[in-house]
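Visitor:
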Amino acid sequence: SEKGALKDAKVLFVIGGPGSGKGTQCEKIVEKYGFCHLSSGDLLRAEVASGSERGKKLNEIMEKGELVPLDEVLQLLREAMEAKLSETKCFLIDGYPRELEQGKRFENEVAPCTCVLYFDVSDDTMTKRLLERGKTSGRVDDNEETIKKRLDTFHNQTKPVIDYYAEQNKTTKITAEGSVDEVFVEVQNSWIHKNG
Ligand code: B4P
Numbered sequence: 092s093e094k095g096a097l098k099d100a101k102v103l104f105v106i107g108g109p110g111s112g113k114g115t116q117c118e119k120i121v122e123k124y125g126f127c128h129l130s131s132g133d134l135l136r137a138e139v140a141s142g143s144e145r146g147k148k149l150n151e152i153m154e155k156g157e158l159v160p161l162d163e164v165l166q167l168l169r170e171a172m173e174a175k176l177s178e179t180k181c182f183l184i185d186g187y188p189r190e191l192e193q194g195k196r197f198e199n200e201v202a203p204c205t206c207v208l209y210f211d212v213s214d215d216t217m218t219k220r221l222l223e224r225g226k227t228s229g230r231v232d233d234n235e236e237t238i239k240k241r242l243d244t245f246h247n248q249t250k251p252v253i254d255y256y257a258e259q260n261k262t263t264k265i266t267a268e269g270s271v272d273e274v275f276v277e278v279q280n281s282w283i284h285k286n287g
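When you line the sequence shown up against the UniProt record's numbering, it's residues 92 to 287, in that order.
(1) Three-state secondary structure (DSSP) at G287?
(2) Helix, strand or coil: how does DSSP classify G108 here?
(3) Measuring only the C-alpha atoms, how far is G287 from S281?
(4) How should S92 be labelled, buried or exposed, when 16 other C-beta atoms within 10 angstroms of its C-beta is the threshold for buried?
(5) Does the structure place the segment 148 to 163 close enough to the segment 171 to 179 that three or more beta carbon pairs sit under 8 Å?
(6) Put T205 into one of helix, strand or coil per three-state DSSP.
(7) Could you tell me whether the Cβ atoms of G107 and F275 are closer together than 8 Å?
(8) Between which two residues does the beta strand (DSSP E) holding S130 run?
(9) Looking at G229 and the ligand B4P, is the gap between the Cβ and the nearest heavy atom below 7 Å?
(10) Would you check whether the ligand B4P has a heavy atom nearer than 7 Å to the C-beta of K113?
(11) Please state whether the Cβ-Cβ distance between K180 and K101 is less than 8 Å.
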C-alpha cells in the first residue's frame, strides 16, 4: 500500500514559531543537501489559491492565526510526499507538527520521524521579521493582530511538541536570532553532526 511505501521515508520535522526562519533555512538545506522540502503552510496556501470551497474555509482559519484541522494538513502532506516518492525518500517537513496530536498521527499513519530541528527565536524578533515581510507579502496573517495570535498558538500548542521530542532525544535546537547566513552556519553544524 501507499502507507507501506512511505514507511521507509526519512523524515525530519522542522519546527519554530511564526517567522522563526524555518522556510528560509529549509531552502538553504535543500540547495546544499538535496532533501525534498514540504511546507505545510505553502501546501495550505496553494489550496487557498486554488479558489476551492475547502480553501476558503482554510483561509478564514489562517487569518485568525489558528491551526487548521489536523486531517486537512495531514492529508495534504501525505499526498505531497507520495507524489515525490519516486524522486527521493528524504523529507524536510516544515511547519509540522504544530500540536502534539499531529506528530503522533503522522508517525502512526505516515512514517516515523528521525529528528526535529527547532528554530529558537524571541517573540520580538519573530514579530519584527513578519511585519517586515508583511509590507510586501500580501499574506492575510502578516499583520500585527494576527501575529500576536500566531505567537500565542505557538506557545500554547507547539511548545509541547518540542518538549515531547526533546524527551526522546530527537530535538536539535538552533539558535536562530542572527542573520540568514549566521543561522545557516548553526544549521550546518548540527546538521552535519546528525546527518552527515
Ligand atoms: P507557515 O506558513 O508555516 O508560516 P510561518 O510560521 O510564518 O513560517 P514561514 O516559513 O512562512 O516563515 P519564515 O520563518 O521562514 O504557517 C502559516 C499558517 O498556516 C499558520 O498560522 C496556520 O494557520 C497554518 N498552518 C501551517 N501549518 C499548519 C499545521 N501543521 N497545522 C495547522 N495549521 C497549520 O520566515 C519569516 C520571514 O522572516 C521571511 O520574510 C524571511 O525572509 C525572514 N527571515 C527568515 N530568517 C531570517 C533571518 N535570519 N533574519 C532576518 N529575517 C529572516
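We treat Cβ as the ideally placed atom computed from N, Cα and C, and that holds for glycine.
Predicted model only: the values in this text are computed from it and were never measured.
Guide: By the coordinates alone:
(1) The residue labelled residue 287 in the question sits at position 196 within the sequence shown. Its pLDDT being 49, under 50, G287 is placed unreliably by the model, and the measurement read from it follows with that caveat. In this structure, G287 counts as coil in the three-state DSSP scheme.
(2) Working through the sequence shown from its first residue, we reach residue 108 at position 17. In this structure, G108 counts as coil in the three-state DSSP scheme.
(3) The residue given as residue 287 occupies position 196 in the sequence shown. The residue given as residue 281 occupies position 190 in the sequence shown. Caution applies to G287, whose pLDDT of 49 falls short of 50 and renders its modelled position unreliable; the value that the coordinates give is listed next. Approximately 9 Å between the Cα atoms of the pair.
(4) On the sequence shown, position 1 is the one that residue 92 refers to. For S92, the predicted model reports a pLDDT of 45, less than 50, meaning its position is unreliable; a value from the coordinates is still stated below. S92 should be labelled exposed.
(5) no
(6) Within the sequence shown, residue 205 is the residue found at index 114, counting from 1. T205: strand per DSSP, three-state reduction.
(7) Here residue 107 refers to the residue found at position 16 of the sequence shown. Here residue 275 refers to the residue found at position 184 of the sequence shown. It is not a contact, given that the beta carbons lie outside the stated cut-off.
(8) Looking up residue 130 in the sequence shown gives position 39. From DSSP, the beta strand (DSSP E) with S130 extends over 127 to 130.
(9) One-based indexing of the sequence shown puts residue 229 at position 138. G229: no, Cβ never under 7 Å from the ligand B4P.
(10) Counted from its first residue, the sequence shown places residue 113 at position 22. Yes, the ligand B4P has a heavy atom inside 7 Å of this Cβ.
(11) Counted from its first residue, the sequence shown places residue 180 at position 89. Counted from its first residue, the sequence shown places residue 101 at position 10. A contact, by the Cβ cut-off of 8 Å.
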